[in-house]
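Only one structure is covered here, and it is reproduced in the block below.
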Amino acid sequence: MNTRTADLPPGPRLPEWVQSAAFLSLRHRIVPFLRRRYGETVRLRLVGGRTAVQLSNPEHIRQLLAGSPTTFHANRGNAVLRSLLGEHSLFLADEDEHTRLRRLLWPAFNGAALRGYGELITGLAAEDAERWPSGVPFSAHARMQTLTLEVMLRVVYGIADGPRLDELRVRFPELLDIGPLDLPGLQKPELQRFWVWRRKAELQRRVDALIRAETAERRKAPDLAERTDVLSQLLRFSAGSGADGLSDAELHDNLITMLVGGHETTATALAWALYELSHDPDQLAAAQRAADENDQKYLEAVVKESLRLHPVIHEVGRTLTEPVDLGGYRLPAGTLVMGSIGLVHADPTLFEQPAAFRPARFLDGNPPATIWLPFGGGLRRCIGAAFSLVEGVIVLREALVRWQLRPAGDRTEPARVRNLMLVPARGARISAVPRA
Ligand code: HEM
0 MNTRTADLPP
10 GPRLPEWVQS
20 AAFLSLRHRI
30 VPFLRRRYGE
40 TVRLRLVGGR
50 TAVQLSNPEH
60 IRQLLAGSPT
70 TFHANRGNAV
80 LRSLLGEHSL
90 FLADEDEHTR
100 LRRLLWPAFN
110 GAALRGYGEL
120 ITGLAAEDAE
130 RWPSGVPFSA
140 HARMQTLTLE
150 VMLRVVYGIA
160 DGPRLDELRV
170 RFPELLDIGP
180 LDLPGLQKPE
190 LQRFWVWRRK
200 AELQRRVDAL
210 IRAETAERRK
220 APDLAERTDV
230 LSQLLRFSAG
240 SGADGLSDAE
250 LHDNLITMLV
260 GGHETTATAL
270 AWALYELSHD
280 PDQLAAAQRA
290 ADENDQKYLE
300 AVVKESLRLH
310 PVIHEVGRTL
320 TEPVDLGGYR
330 LPAGTLVMGS
340 IGLVHADPTL
350 FEQPAAFRPA
360 RFLDGNPPAT
370 IWLPFGGGLR
380 RCIGAAFSLV
390 EGVIVLREAL
400 VRWQLRPAGD
410 RTEPARVRNL
420 MLVPARGARI
430 SAVPRA
């Protein structure tokens with residue numbers, strides 16, 4: 000390895016708070032600039048004296064993601080996420096705790112389990128597509144958010160019609176809408192007795208109570224053995240794993256984690272896919288043909304290309320527990336090392352014409368996993384990756400067999416940061432008329 004023992008990589012000299020604020024709110028614009036200005040490995044200084052290093056060379060990112068879990072911690076356990084997700088979240092766990100939780104959650108995401116979700120998702124996607132407005136511009140992002148929330152409620156949580164479902168439909172989006180004003184309350188629980196933070200804390204308590212009530216009922220459900228939703232499967236697997244099974248608190252925290260990790264991410268990927276197709280008659284015709292023939296491979300390529308061109312998560316990070324040689328530098332313990340998914344996906348040496356939307360690039364054998372990174376990688380690769388691809392294929396099929404898409408504006412929609420994700424800044428507006 001080309002290791003220097005000298006300093007950290009070069010990077011901007013602006014004050015920490017400027018670098019942090021810029022990175023938090025404009026990362027997708029700043030990161031390409033930093034790459035051009037300082038090279039493929041760049042240092043950032045964040046508030047609290049924290050050093051971050053951004054990698055854009057795929058081989059360095061591969062080393063980051065394949066690194067030992069004792070050296071490369073997710074360490075996402077900052078107060079904000081901990082307060083929202085709960086201390087037993089897979090997202091926050093490291094080393095043995097992470098391995099154990101992942102083993103207990105995995106059976107609900109493997110191939111056999113995924114096959115069981117298809118029918119339910121198809122029903123929800125078809126029902127939604129039947130209700131699209133005709134000939135009137137609408138936000139594909141808002142529409143897809145409503146639909147993927149419904150998938151979460153019915154397919155992941157397995158909640159049946161009734162007052163609990165109605166209430167969660169309203170409360171979940173409120174809970175997940177986290178603006179800058181909410182952050183102090185999440186970081187300092189003592190503030191939760193006051194002002195807007197009190198309302199958010201009450202909301203979280205109410206959601207917690209609803210999930211606990213659902214879980215308690217489901218445990219006793221007479222049809223638990225036959226149910227295919229994620230929660231029911233986890234309850235069954237857990238009961239079968241003896242004392243080592245998921246505790247109630249672990250189950251609860253990871254249900255919230257799946258909601259946070261899987262709802263808006265999938266909605267965003269689908270919204271961009273519909274937006275891109277609406278602007279490209281040839282790609283739309285190819286995708287419609289695939290929908291008519293139920294060519295799942297092609298439809299999956301559409302979702303994958305959407306995630307390449309518009310990665311929802313712009314970078315994936317690990318914190319070093321000891322010094323590591325990476326990217327040509329000896330990085331000290333405590334450094335937050337980020338692999339830039341956005342830069343790799345936009346690299347013309349890796350993807351021909353990277354700014355073009357071309358699903359076919361995913362047909363003749365996938366691009367190597369080291370350069371298509373929307374779900375991160377290594378032992379922590381997104382546990383819901385296959386789930387969201389299955390969902391994406393079904394939702395696209397049900398929409399495209401029914402609707403002719405049309406653009407509702409020019410093709411210049413930028414992304415903006417929302418809840419740590421990159422989402423379409425203007426909602427990915429499209430219009431649709433029934434297919435002839
Ligand atoms: C297009 C949709 C999605 C995208 C782009 C996405 C992206 C990601 C990324 C980048 C990570 C971090 C991986 C890493 O650190 O290497 C992650 C982790 C995770 N995702 Fe997703 N995700 C999506 C859908 C889902 C769904 C549907 C679920 C669950 C139902 C889910 C649950 C999780 C969980 C629990 C983790 C933590 C995994 C771990 O630390 O072991 N995600 N996701």
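Mapping the sequence shown onto numbering that gives the first Met the number 0, position 225 (from 1) lands on 224, and the numbers just tick up by one.
Ideal Cβ placement from N, Cα and C applies to all residues, glycine included.
Just so we're clear, the structure is a prediction, and the values are computed from it rather than from any experiment.
- For residue 315, the enclosing beta strand (DSSP E) has its first and last residue at 314 to 319.
- At least one heavy atom of the ligand HEM lies closer than 7 Å to the C-beta of residue 373.
- In the DSSP assignment, residue 274 forms no beta bridge with any residue.
- Per DSSP, residue 398 is not a residue of any beta strand (DSSP E); the alpha helix (DSSP H) it occupies stretches across 384 to 399.
- Under the three-state reduction of DSSP output, residue 404 falls in the strand class.
- Judged by DSSP secondary structure, residue 324 falls within the beta strand (DSSP E) whose first and last residues are 323 to 325.
- About 6 Å separates the Cβ atoms of residue 91 and residue 81, confirming a contact at the 8 Å cut-off.
- Put simply, of 381, 385, 307 the residue whose alpha carbon is nearest the alpha carbon of residue 360 is 307.
- Excluding the 5 residues flanking it on each side, residue 202 has same chain C-beta neighbours closer than 7 Å at 170, 173, 174, in chain order.
- Cβ contact annotation for residue 323 (same chain, cutoff 7 Å, sequence separation greater than five): 70, 330, in chain order.
- Bridge pairing for residue 49: 45 [DSSP].
- The Cβ neighbour count for residue 10, taken over all protein chains shown within 10 Å, is at least 16; the residue is labelled buried.
- Take the alpha-carbon of residue 107 and the one of residue 232: they are about 6 Å apart.
- Per DSSP, the continuous alpha helix (DSSP H) segment holding residue 143 begins and ends at 139 to 150.
- In the DSSP assignment, residue 301 falls within the unbroken alpha helix (DSSP H) covering 295 to 308.
- In this structure residue 384 is not in contact with residue 376, their Cβ atoms being roughly 10 Å apart against a cut-off of 8 Å.
- In this structure, residue 46 keeps its C-beta atom at 8 Å or more from the C-beta atom of residue 33.
- When distances are taken from the beta-carbon of residue 320 to the heavy atoms of the ligand HEM, even the shortest one reaches 7 Å or more.
- The ligand HEM has no heavy atom closer than 7 Å to the beta-carbon of residue 55.
- As far as DSSP is concerned, residue 155 takes part in no beta bridge.
- With contact defined as three or more Cβ pairs closer than 8 Å, the stretch 260 to 276 and the stretch 182 to 197 are not in contact.
- Residue 257 has its Cβ nearer than 7 Å to a heavy atom of the ligand HEM.
- At least one heavy atom of the ligand HEM lies closer than 7 Å to the C-beta of residue 379.
- The ligand HEM has no heavy atom closer than 7 Å to the beta-carbon of residue 69.
- Under the criterion of beta carbons closer than 8 Å, residue 154 and residue 116 qualify as touching, at roughly 5 Å.
- Taking 7 Å as the cut-off, one finds at least one heavy atom of the ligand HEM near enough to the beta carbon of residue 315.
- DSSP, reduced to helix, strand and coil, places residue 8 outside both helices and strands of the structure shown, so it counts as coil.
- Close CB contacts of residue 223 within its chain, under the 7 Å cut and outside five residues either way in sequence, are with 217, 231, 234, 235 (chain order).
- Between residue 124 and the set 111, 142, 133, 114, the nearest pair of CA atoms involves 142.
- When the alpha-carbon of residue 83 is set against those of 357, 340, 309, 181, the nearest one is in 181.
- The Cβ-Cβ distance between residue 399 and residue 302 does not fall below 8 Å.
- Contact between the stretch 207 to 214 and the stretch 246 to 264 is established, with three or more Cβ pairs separated by less than 8 Å.
- If you draw a straight line from the Cα of residue 339 to the Cα of residue 435, it comes to about 43 Å.
- Out of 96, 411, 393, 43, the CA that lies nearest to the CA of residue 298 is found in 393.
- Residue 432 places its beta carbon less than 8 Å from that of residue 133.
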